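Report on one structure; see the data block that follows.
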Amino acid sequence: MTTIPRALDTAEVHSLQTRTVTTLMGSQVLGGIGVASGIAVAALVAADVSGRDDLSGLANTSQVLGGALLTIPIAALMAARGRRVGLATAYLIGTVGAALAITATILGSFVLLLLGTALFGASTTANSQARYAAVDLAEPRLRGRQLSLVVWATTIGSVVGPNLFGPGKAVALRLGLPELAGAWLFSAGGFVLAAIVVQLMLRPDPLLTARALADHGTPVGDRVPERGSILHGLRTIAASPVILLGTLAVTGGHVVMVAIMVMTPIHMEHGHAEVEVIGFVISVHILGMFGLSPVAGYLTDRFGSRPVILLGVVIQVAAAVLAALSEVGWSLGLLLGLFLLGLGWSCTMVAGSGLIAAGAAVRDRAAVQGASDLVMGLSAALAGGLAGVVVQYLGYDWLGAIGAVLALTLGAYTLLRGRQAVLTGP
C-alpha cells in the first residue's frame, strides 16, 4: 500500500503526475505495437484456419470479448493492489495469448486460436485502463489533455504494428512458421517489454497515491473502503447521468469502430489487395484513432465532453458512409473512411472517458472504470461477431450503413439526454 505521510503541495503532485504520464506513454508505445500487430492479422488467420470468411470476425470478437471479461479480475486486482500490478499482469496474460495464437496458426486449430485471442485481449485491457491511470492525480481542468496524451502515445506502436507484416513474414519463414504467425511474435515481445516498463517505473502507484492523499487527515475508522466489485461499478454507472453518458459514448463509438474495422481486411482481400496494403490501411485507421487524441483532449477541456462526443458522432457517420460506398479491395475512399472512423472513435473515447473519470469517486474508480470497459468490450465483441455475418449475407456496404445508424443513435441520446449529465455533473 502506498503511504503518503503528509499532504503534498501542488508542485509535488504535478511532479508525480508528470512521471506517471511519461511512464504510461512509454508502455503504451510498446503495448500498441503488440496489440496492433495481432489485431491486423487476426481476421486473416481465422479465415485461413477455419476456411470460412463468415467466421473470420470471430478472432477479433474473441479478442474483444476476452479483453472485456478479463477486465473483471484486472479491475479487482487494481482495486486491491493498484495500477502497476494490474497493468503488468494484463500484459503478461496477453503474452500467453500471443503464444497460443502462434501455436494455433501452426496446428491449424481454430478453437486454440480463439482461446489465444481471448487471452490476447488482456493486452487491450491494459492499454485501455492505462488512460484512467493517467488521470488519477490530474487536475480536473487538465484531465482531458492528460488522458489524451496516454491515448496518443499508442499511435507510435499502433501505426508501426500493422506495417510489420513484411518483417514478420521474414522472421516467421526463417523460424519455419506460417508467415502470418510472425505478427504474433512482435505482439509477445511488445507485451513483455510493456510489462517491464510498468513494473519498474510506475512508482509510486498513481491510484494508491490518490487514495492515500484522499485519506490524509481522515481517521482510519472513517475512511471509505476500496470498492472493486464490477457489480458496484455497474450500479454506480446506472445511478449517475454523468458516468452513464460517458459509458454510452465510449461504448457507442467503440462498437461502430470495431464492427467496420474487423471486416475491412476481408473486404480488401476479396478485391485481391496485397497483405502489405491491408496493413497500411489498418495503420492509417489506427493513426486516426490515436494521432489526434490530444486535440480531442484539448477540446474536451475547453468546451466540455458533450460537444466533442457529438463531433465524434458526425465524423463516424461520414466514415461509415464512405466505407459503405467503397469498392471491394483497395480505394482512396476506403482509406479516408478508415481514418475518419478512427478519428471519430478518438473523440467519443476521450470525451466519454473524461466524464467517467470526473464522475467516479476515488474509492469507486477501479470498479466504475472496469465496469464501463466491460460494457464497452462486451458490446464491441457482439458487434464484431455480427459484423462477419452481415458481410457474409448482406455485404460490406450494409455493414457501413448499420454503423452510421448506430452512430446517429448515440448522437440522438447525447442531444436529448446529455444535457442532464451536464447540469448534474461535477
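Position 56, counted from 1, in the sequence shown is what the numbering used here calls 85; the numbers after and before it change by one each time, with no gaps. By construction, the Cβ of each residue, glycine as well, lies at the ideal position given by its N, Cα and C atoms. Please read all numbers here as calculations on a predicted model, not as lab measurements.
With distances taken from CA atoms, which of Pro323, Leu148, Ala133 is nearest phenylalanine 220? Along the sequence shown, read from residue 1 onward, the residue named residue 220 stands at position 191. Among Pro323, Leu148, Ala133, the Cα nearest to that of phenylalanine 220 belongs to Leu148.
Can you check which of these residues, Gly275, Phe319, Glu356, Gly326, is closest to alanine 302 by C-alpha distance? Locating residue 302 in the sequence shown gives position 273, where the first residue counts as 1. Minimum Cα distance to alanine 302 is reached at Glu356.
Pick out whichever of Ala395, Ser157, Met297 has its Cα sitting closest to the Cα of alanine 108. The count along the sequence shown starts at 1 and reaches residue 108 at position 79. Selected option, being the one with the closest Cα: Ala395.
Buried or exposed: which applies to leucine 45, given that a residue is buried once 16 or more other Cβ atoms fall within 10 Å of its Cβ? Here residue 45 refers to the residue found at position 16 of the sequence shown. So leucine 45 ends up on the buried side.
Where the alpha helix (DSSP H) containing glycine 341 begins and where it ends: Stepping through the sequence shown from its first residue, residue 341 is reached at position 312. That run of the alpha helix (DSSP H) goes 334-354.
Can we say the segment 261-279 touches the segment 376-393, given the rule of at least three CB pairs closer than 8 Å? yes
May I ask which residues mark the beginning and end of the alpha helix (DSSP H) holding valine 310? By 1-based counting over the sequence shown, the position of residue 310 is 281. Here the alpha helix (DSSP H) through valine 310 covers 304-319.
Would you mind stating whether leucine 465 and valine 313 have Cβ atoms separated by less than 7 Å? Nothing can be reported for residue 465, as the shown portion of the chain is limited to 30 through 455.
So, using beta-carbon positions, are threonine 134 and alanine 210 closer together than 7 Å? Counting from one through the sequence shown, the residue named residue 134 turns up at place 105. Counting from one through the sequence shown, the residue named residue 210 turns up at place 181. Their beta carbons are under 7 Å apart, which means threonine 134 touches alanine 210 by this criterion.
For alanine 201 and glutamate 208, I'd like the C-alpha separation in whole angstroms. Translated into the one-based positions of the sequence shown, residue 201 becomes position 172. Translated into the one-based positions of the sequence shown, residue 208 becomes position 179. Our two residues, alanine 201 and glutamate 208, have alpha carbons roughly 5 Å apart in a direct line.
Would DSSP call glycine 80 helix, strand or coil? Stepping through the sequence shown from its first residue, residue 80 is reached at position 51. Coil at glycine 80, not helix or strand.
Would you report the Cα separation of valine 226 and valine 114, rounded to the nearest angstrom? The residue you call residue 226 lines up with position 197 of the sequence shown. The residue you call residue 114 lines up with position 85 of the sequence shown. Distance between the alpha carbons of valine 226 and valine 114 is about 12 Å.
Please tell me whether leucine 166 and alanine 239 are closer than 7 Å, where the distance is taken between their beta carbons. Sequence index remark: in the sequence shown, residue 166 carries index 137 (1-based). Sequence index remark: in the sequence shown, residue 239 carries index 210 (1-based). The criterion of a C-beta distance shorter than 7 Å is satisfied by leucine 166 and alanine 239.
For glycine 406 and leucine 260, the rounded distance between their alpha carbons: As a first step, residue 260 is located in the sequence shown; it is residue number 231 there, counting from the start. As a first step, residue 406 is located in the sequence shown; it is residue number 377 there, counting from the start. Approximately 16 Å between the Cα atoms of the pair.
Return the Cβ separation of leucine 129 and threonine 118 in integer angstroms, given the expectation that the two are a contact with Cβ distance under 8 Å. Here residue 129 corresponds to residue number 100 of the sequence shown, with the count starting at 1. Here residue 118 corresponds to residue number 89 of the sequence shown, with the count starting at 1. Not confirmed; about 17 Å, so no contact.
Run of the alpha helix (DSSP H) containing valine 271, from where it starts to where it stops: Translated into the one-based positions of the sequence shown, residue 271 becomes position 242. Residues 270-299.
Is alanine 430 closer than 7 Å to alanine 353 when the C-beta atoms are compared? Translated into positions along the sequence shown, residue 353 becomes position 324. Translated into positions along the sequence shown, residue 430 becomes position 401. Yes, the Cβ-Cβ distance between alanine 353 and alanine 430 is below 7 Å.
Kindly confirm or deny that the segment 411-427 and the segment 291-310 touch, where touching means at least three C-beta pairs closer than 8 Å. Enough Cβ pairs lie closer than 8 Å, so yes.
Compare the C-alpha of serine 216 against each of Val391, Ala412, Ala241, Gly190 and name the closest. In the sequence shown, counting from the first residue as 1, residue 216 sits at position 187. Checked all of Val391, Ala412, Ala241, Gly190; the closest Cα to serine 216 is Gly190.
How should tryptophan 427 be labelled, buried or exposed, when 16 other C-beta atoms within 10 angstroms of its C-beta is the threshold for buried? In the sequence shown, the residue the question calls residue 427 occupies position 398. Result: exposed.
Please state whether the Cβ-Cβ distance between valine 93 and alanine 416 is less than 7 Å. Within the sequence shown, residue 93 is the residue found at index 64, counting from 1. Within the sequence shown, residue 416 is the residue found at index 387, counting from 1. Cβ distance not < 7 Å, so valine 93 and alanine 416 don't count as in contact.
Am I right that glycine 150 and glycine 95 are in contact with their C-beta atoms under 8 Å? What's the rounded C-beta distance? As a position in the sequence shown, residue 150 is number 121, starting the count at 1. As a position in the sequence shown, residue 95 is number 66, starting the count at 1. With 8 Å as the limit, glycine 150 and glycine 95 qualify as a contact, their Cβ atoms being about 3 Å apart.
Ordered along the chain, which non-local residues of its own chain (more than five positions away) have a Cβ less than 7 Å from that of aspartate 251? Mapped onto the sequence shown, residue 251 falls at position 222. Legend: pLDDT at aspartate 251 = 47, less than 50; position of this residue unreliable, no value from coordinates given.
Simplified DSSP assignment, three categories, for tryptophan 374: Numbered from its first residue, the sequence shown carries residue 374 at position 345. Note: tryptophan 374 maps to helix in three-state DSSP.
For proline 323, which residues in the same chain have their Cβ closer than 8 Å to its Cβ, ignoring the five residues on either side in sequence? Numbered from its first residue, the sequence shown carries residue 323 at position 294. Once the five neighbours on either side are set aside, the close Cβ partners of proline 323 are Arg174, Ser177, Leu178, Trp181.
To the nearest angstrom, report how far apart leucine 237 and glycine 383 are at their CA atoms. For the purposes of this step, residue 237 is identified with residue 208 of the sequence shown, where counting begins at 1. For the purposes of this step, residue 383 is identified with residue 354 of the sequence shown, where counting begins at 1. Near 20 Å, if we compare the C-alpha coordinates of glycine 383 and leucine 237.
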